[in-house]
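Reading through the structure tokens given below for one structure.
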Amino acid sequence: MTEKSIAIIGGGPAGLMAADVLSGHGHRVTIYEAMPTLGRKFLLAGKSGLNITHSEDYQRFSRRFGSANERLKAALDAFTPQDVRDWAQSLGTETFVGSSGRVFPTVMKASPLLRAFIHYLEARGVEIRPRHRWTGFAQDGYRFATPDGEMIIQPDAALLALGGASWPKLGSDGQWIPWLRQHGIAVDDFRPANCGFDVDWSPIFQSRFAGEPVKSVTITSALGTTQGEFVISSHGVEGSLIYAHASALRDALEQSGEAVLVLDLAPAKSLVRLQQDLARQPEKASFSTRLRKAAHLDGVKVALLRERVPQIATLESKTQAIYIKALPVPLLRPRPIAEAISSAGGVAWNAVDDGYMLRQRPGLFVAGEMLDWEAPTGGYLLTACFATGRAAGRSMLRWLNNTANMKSN
Numbered sequence: 001m002t003e004k005s006i007a008i009i010g011g012g013p014a015g016l017m018a019a020d021v022l023s024g025h026g027h028r029v030t031i032y033e034a035m036p037t038l039g040r041k042f043l044l045a046g047k048s049g050l051n052i053t054h055s056e057d058y059q060r061f062s063r064r065f066g067s068a069n070e071r072l073k074a075a076l077d078a079f080t081p082q083d084v085r086d087w088a089q090s091l092g093t094e095t096f097v098g099s100s101g102r103v104f105p106t107v108m109k110a111s112p113l114l115r116a117f118i119h120y121l122e123a124r125g126v127e128i129r130p131r132h133r134w135t136g137f138a139q140d141g142y143r144f145a146t147p148d149g150e151m152i153i154q155p156d157a158a159l160l161a162l163g164g165a166s167w168p169k170l171g172s173d174g175q176w177i178p179w180l181r182q183h184g185i186a187v188d189d190f191r192p193a194n195c196g197f198d199v200d201w202s203p204i205f206q207s208r209f210a211g212e213p214v215k216s217v218t219i220t221s222a223l224g225t226t227q228g229e230f231v232i233s234s235h236g237v238e239g240s241l242i243y244a245h246a247s248a249l250r251d252a253l254e255q256s257g258e259a260v261l262v263l264d265l266a267p268a269k270s271l272v273r274l275q276q277d278l279a280r281q282p283e284k285a286s287f288s289t290r291l292r293k294a295a296h297l298d299g300v301k302v303a304l305l306r307e308r309v310p311q312i313a314t315l316e317s318k319t320q321a322i323y324i325k326a327l328p329v330p331l332l333r334p335r336p337i338a339e340a341i342s343s344a345g346g347v348a349w350n351a352v353d354d355g356y357m358l359r360q361r362p363g364l365f366v367a368g369e370m371l372d373w374e375a376p377t378g379g380y381l382l383t384a385c386f387a388t389g390r391a392a393g394r395s396m397l398r399w400l401n402n403t404a405n406m407k408s409n
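Numbering (full-length UniProt numbering), first residue to last: 1 to 409.
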């Protein structure tokens, strides 16, 4: 097939993976990135240790994407977590499995892997144009704002990989939404995912415990029960355990206006055992002492009980145990999407075919967080971005080949 010109609009993980596929087949690939450098959100995610993927059983891994499970399966099957690790190793980045099952680069940084990938692509002839912001469609092409003024390109095929709507200061600002909608392309509104929530803390609790971790607890929501830890914030709650249940809590708030975080502050003890241990405590002992000896609770956990159930110290031990095992914490709202780790929403799945091409615009493909899917933290988000970028790149190859064959016949 004759060399074709390919525009990759967006220089994050999905766009870079598509560029890898396309440049490997001899096409002229140009990456257009609005920011001064590529992969800024990728670098932020790896600032304190990059979760490049996850080591859990692949069948379970592939079911972590909610309503998008079936649409993402083919892409994930073609670029599994092990493939991610092999790819990283091919670029000189060794990985290891942490105690949580998450997979990290041995150097615990994202920058060496990103630099190696960019150098690899440039060696293949991929051209990178930073500070080139897509500003919408032009006649048979795409319009960009550049340091040298407006520019219009007319590639043979293009990929949009502009990210979602979280951390907009890093480049994923969702400004492209009206341009797609104007052309009849369905885009579902963005919503925060892997986010914290506002809670109506009392001023005293807020001032004393903001920033305090709450360790060794479980949270129960529509997604099930998970053990871990979270953080009390000045506005409410945040942290990995909260993020694991964020989609269910957010959906409950949207559907009914109410969502309750149910905490088990002593998951190591059954309700019956806890009731027995509390009942054995001397009546003259202080409430804090009884909780410490019977339930191993102190500090922020005791404060949480007092915050949510002010009369807790006067209740019978059986009732106290019930609250310790299932403490309700009403949530007000999710934190703003700009603070979220990721976002739900984006280009609707019915707007793209099985090859990630927009049905309304043949030759224009979409990948990464622009599509309407979400996943928990822990390497799932990044793996799906890689996988959809590669899948879109392969589909672009097929489309270009079919188009060339049609013209020759």
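Idealized CB from N, CA, C, for every residue including glycine.
Given that a residue counts as buried once 16 or more other Cβ atoms are within 10 Å of its Cβ, and exposed if not, what is residue i?
{"i": "Ser342", "result": "buried"}
{"i": "Thr383", "result": "buried"}
{"i": "Gln82", "result": "exposed"}
{"i": "Ala392", "result": "buried"}
{"i": "Phe96", "result": "exposed"}
{"i": "Met17", "result": "buried"}
{"i": "Asn51", "result": "buried"}
{"i": "Ala268", "result": "exposed"}
{"i": "Gly389", "result": "buried"}
{"i": "His119", "result": "exposed"}
{"i": "Ser270", "result": "exposed"}
{"i": "Ser256", "result": "exposed"}
{"i": "residue 414", "result": "Look at the range of the chain in this structure, 1 to 409, and you will see that residue 414 is not part of it."}
{"i": "Met35", "result": "buried"}
{"i": "Pro310", "result": "exposed"}
{"i": "Arg85", "result": "buried"}
{"i": "Val366", "result": "buried"}
{"i": "Met396", "result": "buried"}
{"i": "Val272", "result": "exposed"}
{"i": "Gly163", "result": "buried"}
{"i": "His54", "result": "buried"}
Looking only at C-alpha atoms, which of the options sits nearest to residue i?
{"i": "Phe190", "options": "Leu364, Asp77, Gly346 and Thr106", "result": "Gly346"}
{"i": "Ala19", "options": "Val126, Pro36 and Asp57", "result": "Val126"}
{"i": "Asn194", "options": "Leu180, Gln154, Leu22 and Leu249", "result": "Leu249"}
{"i": "Gln206", "options": "Lys215, Ile185 and Ile232", "result": "Ile232"}
{"i": "Asp140", "options": "Ala158, Val302, Asn69 and Asp173", "result": "Ala158"}
{"i": "Ile9", "options": "Glu94, Ile128 and Pro105", "result": "Ile128"}
{"i": "Pro376", "options": "Arg102, Leu315, Val272 and Ala266", "result": "Arg102"}
{"i": "Leu223", "options": "Leu44, Thr30 and Arg64", "result": "Arg64"}
{"i": "Val260", "options": "Ser270, Ile242, Val272 and Glu3", "result": "Ile242"}
{"i": "Ala266", "options": "Ala326, Arg308 and Thr289", "result": "Ala326"}
{"i": "Glu56", "options": "Gly379, Lys407, Trp399 and Met406", "result": "Gly379"}
{"i": "residue 422", "options": "Lys407, Ser240, Gly171 and Ile204", "result": "The question about residue 422 has no answer, for the chain in this structure spans 1 to 409."}
{"i": "Ser234", "options": "Pro203, Glu254 and Ser221", "result": "Pro203"}
{"i": "Arg181", "options": "Val199, Phe79, Gly136 and Glu94", "result": "Gly136"}
{"i": "Ile31", "options": "Lys318, Gln59 and Ile153", "result": "Ile153"}
{"i": "His25", "options": "Asn401, Ala285 and Leu297", "result": "Asn401"}
{"i": "Phe314", "options": "Ala295, Glu283, Ala344 and Pro155", "result": "The residue you asked about is not Phe; residue 314 is Thr in the sequence shown. Answer by Cα proximity: Glu283."}
{"i": "Ser247", "options": "Gly149, Ala344 and Leu304", "result": "Ala344"}
{"i": "Gly171", "options": "His54, Glu229, His132 and Lys318", "result": "His132"}
If you check the beta carbons only, do residue i and residue j fall under 9 Å apart?
{"i": "Lys340", "j": "Trp176", "result": "Reading the sequence as shown, one finds Ala at residue 340 and not Lys. No, the Cβ-Cβ distance between Ala340 and Trp176 is not below 9 Å."}
{"i": "Lys73", "j": "Ser90", "result": "no"}
{"i": "Leu121", "j": "Ser23", "result": "yes"}
{"i": "Pro192", "j": "Arg40", "result": "no"}
{"i": "Tyr225", "j": "Asp277", "result": "Contrary to the premise, residue 225 reads as Thr rather than Tyr in this sequence. No."}
{"i": "Gly368", "j": "Ala123", "result": "no"}
{"i": "Ala387", "j": "Leu76", "result": "yes"}
{"i": "Ile324", "j": "Phe287", "result": "no"}
{"i": "Pro130", "j": "Gly11", "result": "yes"}
{"i": "Arg361", "j": "Asp353", "result": "no"}
{"i": "Val227", "j": "Val237", "result": "Here residue 227 is Gln; the residue named in the question, Val, does not match the sequence. Contact flag unset, no."}
{"i": "Val187", "j": "Ala68", "result": "no"}
{"i": "residue 416", "j": "Gly92", "result": "Nothing can be reported for residue 416: it is not among the residues displayed for the chain, which extend from 1 to 409."}
{"i": "Pro328", "j": "Arg306", "result": "no"}
{"i": "Ala165", "j": "Ile337", "result": "yes"}
{"i": "Leu38", "j": "Leu114", "result": "yes"}
Express the C-alpha separation of residue j and residue i in angstroms, rounding to a whole number.
{"i": "Asp173", "j": "His245", "result": "25 Å"}
{"i": "Ala14", "j": "Leu371", "result": "11 Å"}
{"i": "Val107", "j": "Glu33", "result": "27 Å"}
{"i": "Leu364", "j": "Thr2", "result": "19 Å"}
{"i": "Leu331", "j": "Ile219", "result": "13 Å"}
{"i": "Val302", "j": "Leu291", "result": "8 Å"}
{"i": "Ile185", "j": "Leu381", "result": "24 Å"}
{"i": "Glu374", "j": "Pro213", "result": "26 Å"}
{"i": "Tyr356", "j": "Ala252", "result": "30 Å"}
{"i": "Ala110", "j": "Tyr142", "result": "31 Å"}
{"i": "Ala88", "j": "Val29", "result": "22 Å"}
{"i": "Val21", "j": "Trp399", "result": "14 Å"}
{"i": "Ala145", "j": "Ser100", "result": "44 Å"}
Going residue by residue through the region 153-229, where are the continuous beta strand (DSSP E) segments of at least 3 residues, counting only ones entirely within it?
As far as the region 153-229 is concerned, its whole beta strand (DSSP E) runs of at least 3 residues are 157-160, 187-193 and 213-221.
Contiguous alpha helix (DSSP H) assignments of at least 4 residues, all confined to the region 66-112:
69-78 and 81-90
Output the residue ranges of the beta strand (DSSP E) runs that lie fully inside the region 235-259 and measure 3 residues or longer, sorted by chain position.
236-238
For the region 350-391, list the beta strand (DSSP E) runs that are entirely contained and at least 3 residues long, ordered along the chain.
364-366
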